[in-house]
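Peer 1: So the sequence shown is numbered by my numbering: it starts at 378 and just counts up by one. Using N, Cα and C, we set each Cβ at its ideal position, and we do this for glycine too.
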Amino acid sequence: MNLSKKYLSTVALALLCAAVLPSCKGDDKKDQPTPPPAEEKSLIASLTVMAEDLTDASKSEVTTQYTYDKEGRVSSMAVSMKTNDGTHSETLSITYGNGTISVPVSSEPLVFKTNTSGYITGQKTSGDESFFSASYDSEGHLLSLKRDEQGLYTFKWNGDLISERQLTIGESQGMTSHTTFTYGKVKDPAGLMVLYIPEFSDMPLPGAWFGKTPTYLPSKRVSTLKMPVSNLPVEMTTTYDYTLDAKGRPVKIVTTDDLQSKSKDFIPDFTGKIRRTTFTITYK
Numbered sequence: 378m379n380l381s382k383k384y385l386s387t388v389a390l391a392l393l394c395a396a397v398l399p400s401c402k403g404d405d406k407k408d409q410p411t412p413p414p415a416e417e418k419s420l421i422a423s424l425t426v427m428a429e430d431l432t433d434a435s436k437s438e439v440t441t442q443y444t445y446d447k448e449g450r451v452s453s454m455a456v457s458m459k460t461n462d463g464t465h466s467e468t469l470s471i472t473y474g475n476g477t478i479s480v481p482v483s484s485e486p487l488v489f490k491t492n493t494s495g496y497i498t499g500q501k502t503s504g505d506e507s508f509f510s511a512s513y514d515s516e517g518h519l520l521s522l523k524r525d526e527q528g529l530y531t532f533k534w535n536g537d538l539i540s541e542r543q544l545t546i547g548e549s550q551g552m553t554s555h556t557t558f559t560y561g562k563v564k565d566p567a568g569l570m571v572l573y574i575p576e577f578s579d580m581p582l583p584g585a586w587f588g589k590t591p592t593y594l595p596s597k598r599v600s601t602l603k604m605p606v607s608n609l610p611v612e613m614t615t616t617y618d619y620t621l622d623a624k625g626r627p628v629k630i631v632t633t634d635d636l637q638s639k640s641k642d643f644i645p646d647f648t649g650k651i652r653r654t655t656f657t658i659t660y661k
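#1: Should Lys564 go down as buried or exposed, given a rule of 16 or more other Cβ atoms within 10 Å for buried?
#2: Gly551 and Pro610: beta carbons closer than 7 angstroms?
#3: Kindly list the residues whose CB is nearer than 6 angstroms to the CB of Gly476, restricted to its own chain and excluding five residues on each side of it in sequence; keep chain order.
#4: Could you name the residues that DSSP lists as bridge partners for Ser466?
#5: Return the first residue and the last residue of the beta strand (DSSP E) that Lys562 is part of.
#6: Can you grab the Cα-Cα spacing for the pair Lys661 / Pro566, in whole Å?
#7: So that I know if they touch, is there some Cβ in chain D lying closer than 7 angstroms to that of Lys562?
#8: Who are the near neighbours of Thr657 in its chain, counting only those whose CB is closer than 6 angstroms to its CB and skipping five residues on each side?
#9: Just the C-alpha distance for Gly463 and Thr559, rounded to the nearest angstrom, thanks.
#10: If I'm right that Thr729 touches Tyr619 with Cβ under 8 angstroms, what's the distance once you round it to whole angstroms?
#11: So Lys418 packs on Glu438, CB below 8 angstroms; how close in whole Å?
#12: By how many angstroms is the C-alpha of Ser466 removed from the C-alpha of Glu541?
#13: Helix or strand or just coil, what does DSSP make of Met604?
#14: Tell me which residues share the same chain as Lys533 and place their Cβ nearer than 6 angstroms to its Cβ, disregarding the 5 neighbours each side in the sequence.
#15: Count the other CB atoms within 10 Å of the CB of Gln637; is the residue buried (16 or more) or exposed (fewer)?
#16: Helix, strand or coil: which one does DSSP assign to Leu668?
#17: May I ask you to report which of helix, strand or coil DSSP gives Leu529?
#18: If you draw a straight line from the C-alpha of Gly561 to the C-alpha of Ser457, how long is it?
#19: Taking the continuous beta strand (DSSP E) assigned at Arg450, which residues delimit it?
#20: Which first and last residues belong to the beta strand (DSSP E) in which Asp430 is found?
#21: Can you give me the C-alpha to C-alpha distance between Leu519 and Gly649, rounded to a whole angstrom?
#22: Closer than 6 angstroms by C-beta to Pro486: which residues in its own chain qualify, once you throw out the five before and the five after it? Chain order, please.
#23: Can you give me the Cβ contacts of Thr440 inside the same chain, cut-off strictly under 6 angstroms, excluding the 5 residues immediately before and after it?
#24: Could you spell out where the beta strand (DSSP E) holding Gly499 opens and where it closes?
#25: With a threshold of 16 other CB atoms inside 10 Å of the CB of Leu345, please say whether the residue is buried or exposed.
#26: I'd like the span of the beta strand (DSSP E) that includes Glu541, first residue to last.
#27: At the level of alpha carbons, what is the spacing between Asn501 and Ala422?
#28: Can you give the beta carbon distance from Gly499 to Ser515, rounded, assuming they're within the 8 angstroms contact cut?
#29: For Gly449, count neighbouring C-beta atoms within 10 Å of its own C-beta (all shown protein chains included) and say buried if the count is 16 or more, exposed if not.
Shown next as structure tokens:
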């Protein structure tokens, strides 16, 4: 069964976006590792993401297999998605042009614009405005990422590590989210952006299309959500557990989201542990 164009469009951008974020750094400098010298990144052969909604016991699973060209760039990705509705599969080939990256989606390819460093800056369209855009500083650090559906992400950097992430979820909703990260000593071998922006959790991809790749992986992520209706913050704490191989690379990552209200006057419909995501990784 063929995947819908809407699904494939989401797949393509999310796959490309999975390389967006380097590792982040919190305010407590004594707890943060010092970045080591640059190391060669590992190539991921396959990545399976199983997402479990702990409020209703539903789950979905996505497996992505990667093929690379001689330059170490992803040349194709085979995506298989399992849900309660069945299994959906598609293979997407990636073509690199002069200032562009193309991904076929249904009968129409998505063409992404790139800068001189090869980082994606937006979508190349013939008429309609691009539904996303990205900007960088002179060092190749991602400064902003705008998506019509998810909103506008902005990033603050401390050296080669991100210190803060801000998300404006949409002008019509007026919701904002501020996120900080805590880190241990587990290195990121392949640029796992999906651990930093959960909106892309269904379709992660290793690579470096959105700037510099991570150095370390997070041990905790705390996001505070503010809503104009109540003006009361809701806090989501995500914890990370890692299983490493003999080379110290993560082969299994389990994240757990815990939602809490910071005021007794505002209680969400669901609180506590609401979501668990398991990443299973194999390397080339």
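Peer 2: To lay it out plainly:
#1: buried
#2: no
#3: Thr491
#4: Residue pairing by DSSP puts Ser466 in a beta bridge opposite Ser457.
#5: Boundaries of the beta strand (DSSP E) around Lys562: 553 to 564.
#6: 12 angstroms
#7: Note that chain D does not occur in the displayed structure, where there is just one protein chain.
#8: Thr425, Lys629
#9: 37 angstroms
#10: Outside the displayed span of the chain (378 to 661) sits residue 729, for which this structure offers no information.
#11: No, Lys418 and Glu438 are not in contact; Cβ-Cβ is about 26 angstroms, not under 8 angstroms.
#12: 36 angstroms
#13: coil
#14: Ser540, Glu541
#15: By the 10 Å Cβ count, Gln637 comes out exposed.
#16: Residue 668 lies beyond the residue range present for the chain, which begins at 378 and ends at 661; the question has no answer from this structure.
#17: strand
#18: 32 angstroms
#19: Counting along the chain, Arg450 falls outside any beta strand (DSSP E), and DSSP gives it neither H nor E.
#20: 421 to 430
#21: Going by the C-alpha atoms only, they are around 32 angstroms apart.
#22: Ser479
#23: Thr425, Ser457
#24: 497 to 501
#25: Examination of residue 345 is not possible in this model, given that the chain is present from 378 through 661 alone.
#26: 538 to 545
#27: Looking at the sequence provided, one finds Lys at residue 501 rather than Asn. C-alpha separation (whole angstroms): 29 angstroms.
#28: Contact flag wrong, Cβ pair sits at about 19 angstroms.
#29: exposed
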